[in-house]
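Here the protein sequences come in this chain order: A and S.
Each residue of the first sequence is one higher than the one before, counting from 1 in this note's numbering.
Each residue of the second sequence is one higher than the one before, counting from 362 in this note's numbering.
Okay, structure first, notes after.
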Amino acid sequence: MASVTIQGVKKKFGATDILHGVDIDIADGTFTVLVGPSGCGKSTLLRMIAGLEEITGGEIRIGDKRVNDLPPKERDIAMVFQNYALYPHMTVRDNMAFALMLAKQDKATIDAKVARAAEILALGALLDRYPRQLSGGQRQRVAMGRAIVRDPQVFLFDEPLSNLDAKLRVAMRSEIKELHQRLKTTSIYVTHDQIEAMTMGDKIVVMRDGRIEQTGSPLELYDHPANQFVAGFIGSPSMNFLPGILRRSADGLRVELADGTQLDAPPQSSGVDGQPVIFGTRPEHLTLVPEGAAHGGIPSRVVVMEPSGMDTFVACRHEGVELSAVFRERHDFAPGSTIHLQPDMKTAHLFSVDTGQRLAA
Amino acid sequence: MSRDTGTDTAGMTFLESTPKKMLNAYLPLGAFLFVLLFPFYWMAITAFKPDNELLSRDGNPFWINSPTLAHVKKLLFDTAYPEWMWNTVVVSVTATFFSLAASVLAAYAIERLRFSGAKQVGLAIFLAYLVPPSILFIPLASVVFQLGLFDTRLALILTYPTFLIPFCTWLLMGYFRSIPFELEECALIDGATRWQILTKIVLPLAVPGLISAGIFAFTLSWNEFIYALTFVSSSEIKTLPVGVVTELVEGDVYHWGSLMAGALFGSLPVAFIYSFFVEYYVSGMTGSVKE
Ligand SMILES: Nc1ncnc2c1ncn2[C@@H]1O[C@H](COP(=O)(O)OP(=O)(O)O)[C@@H](O)[C@H]1O
Ligand SMILES: [Mg+2]
């Protein structure tokens, strides 16, 4: 096991800049998730750690060894690919033993290691099958088994669950996490799915267009997003954003929406009086103002109701802005009717219109 | 001619009623087979027909009344036919083997090693294939002569790759391209060297492609005529196609019986190899690597 240090890493494909200087510190034994929209450079970064892409600038260290110029096999890493990349002409056993055979380990050691991995992943009955005879989930497990037998310093995963159906994905998610808790090998996991990131990561790195937007624990990102992009990307259903004007006065901070609605804003926010801002609040932090109450909330027209049994999702519109709310209670609003939604001031955020940064104290 | 008729029948329901089936499938197929196989039939009956039947205008030309082995006997004992056969085998097998080995390396390098100019090299190899042997044999003859290889088997073994390598390289490039990149990257991480990736991952997966390329190269060398005619003159060095044509046609006398017997036995080994590998061959031409 080892830590991984990424310092000022840049990548160009030809003249195109793909990564613009990325810094990440990955502590020994942690599970770090790189998340971001498709095409933001996550896979490229992972492949640079693996040694499959050259490093244009900056430095990558595994443990205290600089690996920029080392070939993949000398980096002591194992990688699980999106489409599993199992060798089609080898049995499950040979797939798992391949790396050990190349390392010229003796037969008894290889058998013992394969048997141990097979036991961890419940692959014992499948050892003599070929990849084409396995289901998607089984292939996925073989791909992980192949990584485990090598007992590497670092596991790298590139969207390993995206070829599985939804149910299996949830199951494999916990399986991978459990595996990590058992083996405690430093893991770097790439995904575009923020739920995977939130549920699996000790630490999440949110990327966009070759830059890091924010790094932190899942709840840090959820509760204190650094900017509007992270706020909107993390969490599902995603955060509501309402444009308004900041009003600073003696009795506190308020945001005035276009239609004149006044909302309490988090008092510790920075920003000057009269500044245009974005008011952000999560769907579960909106409460329903009782019929006929004096104090307003956001007047919203109900568009669609989506009861899931456990909670009720309501899609609304306020002055042309989409707004969603989730209630634990069951409601039955008629589409087209108007409800008033009161945001919770303590969990709301203000973002600068110009930079998208959160206006924190 | 795919033999894969058992599976993809969903789109062929229009063939289901019997009269329509006759009209749409068997009739065209039958006509096709007739056109293809008739020359073989003609070759076979001519090989076993006595001369008087061959030259007479009476009787049914499509049948033999009193079969004879005289032509075969003449072919085997009065000509150098067994030597021609042996030469052809030696030349075809060695030329095919060397060409395949060279093509594997070339195709893999062009497809998978990142070097500048890979595309251009691939294109150049293809262009080399487009130069017809009927032009190339003139300069090649001069080369062969100056190397002192004239009238040796080596002359053929060394010149056949000029058309075999481009052909096999192109076929294999297409095949290698169908092998997913990730497999090789995964092997690279697993600690394999380039050579190990080639021998342990790529080649085992490319077996159908190798077999198609091999069969093709073998057939092309087996049937090759111009180089064999030009670069070899002694009877005991000749290959089958050249030997049969040059020594069984004397002036304007065609020894039809022996000529056809020679052609018949000459095509049997190729037919045998084809039938043996036909499954691989078809998947090599159409297929790719499926996980
Ligand atoms: N080999 C390559 N050559 C040129 N551009 C590439 C190459 N690989 C990836 N890219 C580009 O780099 C960007 C990031 O790709 P990638 O890292 O695969 O994104 P993702 O975050 O979806 O994994 C994309 O715009 C992609 O088009
Ligand atoms: Mg990717």
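A virtual CB, placed ideally from N, CA and C, is assigned to each residue, including glycine.
Quantities reported herein were computed from a predicted structural model and do not represent experimental measurements.
- Considering only beta carbons, the part of the segment 564-580 of chain S lying closer than 7 angstroms to chain A consists of Pro565, Leu566, in chain order.
- Proximity of the beta carbon of Asp193/A to ligand 2 is not indicated: no heavy atom of the ligand is located closer than 7 angstroms.
- Not flagged as an interface residue toward chain S: Ile110/A, since no C-beta distance is shorter than 8 angstroms.
- With a cut-off of 7 angstroms, the C-beta of Lys12/A is classified as distant from ligand 2, since no heavy atom of the ligand falls inside that distance.
- For Val314/A, the pairing in a beta bridge is given by DSSP as Met305/A, Ala325/A.
- In the assembly as shown, Pro343/A is a buried residue. Its beta-carbon has 16 or more other beta-carbons within 10 Å.
- In this structure, Phe313/A and Val303/A do not form a Cβ contact; the two beta carbons are roughly 11 angstroms apart against a cut-off of 8 angstroms.
- For Ile148/A, no Cβ of chain S is located within less than 8 angstroms of the residue's own Cβ.
- Taking a contact to require three or more Cβ pairs closer than 8 angstroms, the segment 389-409 of chain S and the segment 601-612 of chain S do not qualify as touching.
- With contacts defined as CB atoms closer than 8 angstroms, Thr523/S and Ile598/S fail to qualify as a contacting pair.
- Only those residues of the segment 43-55 of chain A whose C-beta falls short of 7 angstroms from the nearest C-beta of chain S are listed: Ala50, Leu52.
- Taking 8 angstroms as the threshold, the shortest C-beta distance from Ala118/A to chain S does not fall below it.
- For Val190/A, the shortest C-beta to heavy atom distance toward ligand 2 is below 7 angstroms.
- Residues of the segment 87-102 of chain A with a Cβ closer than 8 angstroms to any Cβ of chain S, in chain order: Tyr87, Pro88, His89, Phe98, Ala99, Leu102.
- Residue pairing from DSSP places Met207/A in a beta bridge opposite Ile212/A.
- Beta-bridge analysis with DSSP links Phe351/A to Ile278/A, Arg358/A.
- In the DSSP assignment, Pro88/A falls outside any alpha helix (DSSP H), carrying neither H nor E.
- Within the same chain, and ignoring the five residues on either side of Asn584/S in sequence, the residues whose Cβ sits closer than 7 angstroms to its Cβ are Pro602.
- If you check the C-beta of Ile18/A against ligand 1, you find a heavy atom less than 7 angstroms away.
- Per the DSSP secondary-structure output, Asp25/A pairs in a beta bridge with Thr5/A.
- CA-to-CA, the gap between Ile496/S and Val631/S works out to about 27 angstroms.
- With respect to the C-alpha of Ile245/A, the residue from Val35/A, Asp354/A, Arg146/A having the closest C-alpha is Asp354/A.
- Setting aside the 5 residues that flank it on each side, His318/A is surrounded in the same chain by Ile298, Ser300, each with a C-beta closer than 6 angstroms to its C-beta; the list follows chain order.
- Around the beta carbon of Thr281/A, 16 or more other beta carbons lie within 10 angstroms, which makes this residue buried.
- Rounded to whole angstroms, the gap between the alpha carbons of Ala470/S and Val9/A is 30 angstroms.
- For Lys113/A, the number of other beta carbons within 10 angstroms of its own is at least 16, and it is reported as buried.
- For Met404/S, there is no enclosing beta strand (DSSP E); the enclosing alpha helix (DSSP H) has its first and last residue at 388-408.
- Identification of residues in the segment 529-546 of chain S having a C-beta nearer than 8 angstroms to some C-beta of chain A yields Pro541, Glu543, Leu544, Glu546, given in sequence order.
- Within the segment 622-638 of chain S, not one residue has a Cβ closer than 8 angstroms to any Cβ of chain A.
- Between Thr600/S and Thr449/S, the beta carbon gap of about 4 angstroms places them in contact (Cβ cut-off 8 angstroms).
- Within the model, the alpha-carbon separation for Pro37/A versus Thr580/S is close to 53 angstroms.
- CA-to-CA, the gap between Val33/A and Met48/A works out to about 16 angstroms.
- Less than 8 angstroms divides the Cβ of Phe528/S from the Cβ of Tyr490/S.
- Within the model, the alpha-carbon separation for Val149/A versus Leu100/A is close to 8 angstroms.
- Within a 10 Å sphere around the beta-carbon of Gln140/A sit 16 or more other beta-carbons, which makes this residue buried.
- With its beta carbon less than 8 angstroms from one in chain A, Gly552/S belongs to the interface.
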